[in-house]
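S.K.:
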Amino acid sequence: MNKFMEAMNFRHACKKFDIAKKISDEDMHFILETGRKSPSSFGLEPWHFLVISNQSLKEKLRPACWNQVQITTCSHLVILLSRKAHTFNNSSSYIEESFRRKTGGNAEMLKNVKEVFANFTLNKSAEKIDDWAKMQVYLASGNMMTAAAYLHIDSCAIEGYEYHKVSQILLDEIDFYKDGNFNITYLIAFGYRINPQSKQLRKSLNEVVTFV
Numbered sequence: 522m523n524k525f526m527e528a529m530n531f532r533h534a535c536k537k538f539d540i541a542k543k544i545s546d547e548d549m550h551f552i553l554e555t556g557r558k559s560p561s562s563f564g565l566e567p568w569h570f571l572v573i574s575n576q577s578l579k580e581k582l583r584p585a586c587w588n589q590v591q592i593t594t595c596s597h598l599v600i601l602l603s604r605k606a607h608t609f610n611n612s613s614s615y616i617e618e619s620f621r622r623k624t625g626g627n628a629e630m631l632k633n634v635k636e637v638f639a640n641f642t643l644n645k646s647a648e649k650i651d652d653w654a655k656m657q658v659y660l661a662s663g664n665m666m667t668a669a670a671y672l673h674i675d676s677c678a679i680e681g682y683e684y685h686k687v688s689q690i691l692l693d694e695i696d697f698y699k700d701g702n703f704n705i706t707y708l709i710a711f712g713y714r715i716n717p718q719s720k721q722l723r724k725s726l727n728e729v730v731t732f733v
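Position 32 of the sequence shown, counted from 1, bears residue number 553 in this note's numbering, the numbering being contiguous throughout.
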């Protein structure tokens with residue numbers, strides 16, 4: 522418990538990283554594994570983590586991310602992607618493969634879970650389904666940032682970016698993104714702080730919790 526709270530106290534939105542310090546492959550894989558292991562609605566894991574350590578690509582992305590210095594000083598920039606609504610069609614190969622894996626191939630269970638999911642998505646617009654998928658990615662991202670803090674690795678969640686500009690760069694650079702199956706949810710910069718941590722300001726427990 523103490524080690525976990527130490528990580529929570531360590532974590533802050535790091536605004537500038539030490540560009541000379543790089544995260545080891547072992548530590549980065551640990552962070553990504555906590556994202557992969559995260560919970561998701563219907564167990565569909567509707568995410569993909571695009572990990573960028575290539576400095577020239579980070580330089581291309583920075584102007585599209587409000588010119589934030591985190592983009593180019595971090596060790597690894599992770600762009601968190603969420604599946605688009607059309608991939609959740611009950612006849613899609615993604616849904617079929619996902620539920621078949623979850624049900625162990627049991628035909629009756631597969632039929633039932635697909636019916637439940639069809640009812641869940643019924644009358645929902647593509648925009649609402651996109652938003653639902655993005656919420657699952659937020660679950661994974663929280664675990665990844667906490668895992669990083671546990672290793673004394675800093676992070677900064679970045680929602681300040683121009684979607685279409687970042688998307689165009691990915692279209693130019695990343696082959697699988699060209700398939701059009703993913704939305705950009707947001708970005709996380711990971712690395713090591715170069716400046717002292719700012720004071721962590723939070724409301725008291727009494728202000729944010731009600732026991733009934």
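By construction, the Cβ of each residue, glycine as well, lies at the ideal position given by its N, Cα and C atoms.
(1) Please give the ranges of any beta strand (DSSP E) in the segment 522 to 591, keeping only runs that are unbroken, at least 3 residues long and fully inside the region.
(2) Tell me which same chain residues have a C-beta within less than 8 Å of the C-beta of V634, skipping the five on either side of it?
(3) Tell me the rounded alpha-carbon separation between K645 and L691.
(4) Restricting to Cα atoms, I'd like to know which of H685, H597 and H607 is closest to S577.
(5) Within a Cβ cutoff of 6 Å, which residues of the same chain sit near Y615, ignoring the five residues on either side of it in sequence?
(6) Whole angstroms are fine: how far does the CA of R604 sit from the CA of K655?
(7) From the DSSP output, read off the bridge partner residues of I715.
(8) What is the rounded straight-line gap between the Cα of E554 and the Cα of D546?
(9) With a 10 Å radius around its C-beta and 16 neighbouring C-beta atoms as the bar for buried, classify D651 as buried or exposed.
(10) Measuring only the C-alpha atoms, how far is S676 from M522?
(11) Does the beta-carbon of L726 have 16 or more other beta-carbons within 10 angstroms, so that it is buried, or is it exposed?
(12) Between the beta-carbon of Y682 and the beta-carbon of W587, is there less than 8 Å?
(13) Looking at C-beta atoms only, is the number of pairs between the segment 523 to 533 and the segment 656 to 676 that lie closer than 8 Å three or more?
(14) Check whether the Cβ atoms of S662 and I709 lie closer than 8 Å to each other.
(15) Could you tell me whether the Cβ atoms of Y707 and L601 are closer together than 8 Å?
(16) In terms of alpha-carbon separation, which member of Q657, I679, N627 and N610 lies closest to L643?
(17) Let me know the secondary structure DSSP gives S646 once reduced to three states.
(18) Can you tell me whether M666 is buried or exposed? The criterion is at least 16 other CB atoms within 10 Å of its CB, across all chains shown.
(19) Please check the pair L582 and V687, which I expect to be a contact at CB under 8 Å, by giving their CB distance rounded to whole angstroms.
(20) How is the beta strand (DSSP E) around R604 delimited, first residue to last?
M.R.: Looking at the coordinates:
(1) 568 to 573
(2) F563, F620, K623 and T624
(3) 28 Å
(4) H597
(5) T608
(6) 8 Å
(7) I715 pairs with nothing; no bridge assigned.
(8) Rounded to whole angstroms, E554 to D546 spans 12 Å at the Cα level.
(9) buried
(10) 21 Å
(11) exposed
(12) yes
(13) yes
(14) yes
(15) yes
(16) N610
(17) coil
(18) buried
(19) 6 Å
(20) Unbroken beta strand (DSSP E) run through R604: H597 to R604.
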